[in-house]
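Everything on this sheet refers to the single structure shown next.
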Amino acid sequence: MPSPQHHHSLFALGLGLALGLALPHVLRLRRRRGLGGSTVKAGLTDTRAVRLPRRVLTDFLAACFTAAGAAPAHAAQAADVLAYADSRGIPSHGANRADTYANEIEAKLVDGVASPVVERSSGCTAVIDGRNALGAVVCNLAMETALRLAKEHGVGV
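According to mature numbering (1 follows the signal peptide of the UniProt record, and there is no 0), the sequence shown holds residues -22 to -1, 1 to 135 in order.
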């Protein structure tokens, strides 16, 4: 029967082989798509794609959310998240959600001016009350809080 060390060696060899085969492809895709870059592409093919600076899309989305009733600072945070997703090549979480966000703000299903709060905090944990605010706004507070707690306690939950 093979030893556990033998299994670990085979696993490491397989992992190394998989990374070696996949990494060049991933890097090519990253360069081709401009993932995480300063431009956003929309369209099915490169020949029919529309490209625009990420900042242009962010500003447009923020203006839409503000017109729907969101606070300008909150609209900017939500718009930045959507434009970032598109710039990473993840359109399912990008600008195509803008219509839904704007409709939910207008219908008061989401409170575009609400500010989340840290309801309570103890040691390395905290509870955030999102107050039905835009998800990006709540997530930013939660992340800032978790990072602050992690610096203080080694972990933040």
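Here a beta-carbon is modelled for each residue, glycine too, at the ideal position from N, C-alpha and C.
message: Assuming contact is defined by CB atoms lying nearer than 9 Å, are Val115 and Gln55 in contact in what I supplied?
response: yes
message: Does the structure place the region 120 to 128 close enough to the region 55 to 74 that three or more beta carbon pairs sit under 8 Å?
response: no
query: Around the Cβ of His52, are there at least 16 other Cβ atoms within 10 angstroms (buried) or fewer (exposed)?
result: buried
- request: Report buried or exposed for Leu1, applying the criterion of at least 16 other Cβ atoms within 10 angstroms of its Cβ.
  value: For Leu1, the predicted model reports a pLDDT of 47, less than 50, meaning its position is unreliable and no value from the coordinates is stated.
- request: List the DSSP bridge partners of Asp89.
  value: Ala111
query: Starting from Arg32 and walking both ways along the alpha helix (DSSP H), at which residues does that stretch end?
result: 32 to 46
message: Taking DSSP's pairing of strands, which residues face Ser100 in a bridge?
response: Thr103
- request: Can you give me the start and stop residues for the alpha helix (DSSP H) that Pro50 sits inside?
  value: 50 to 65
query: So, are the CB atoms of His131 and Gly90 less than 9 Å apart?
result: no
Three-way DSSP call (helix, strand, coil) for Val116 in this model: helix
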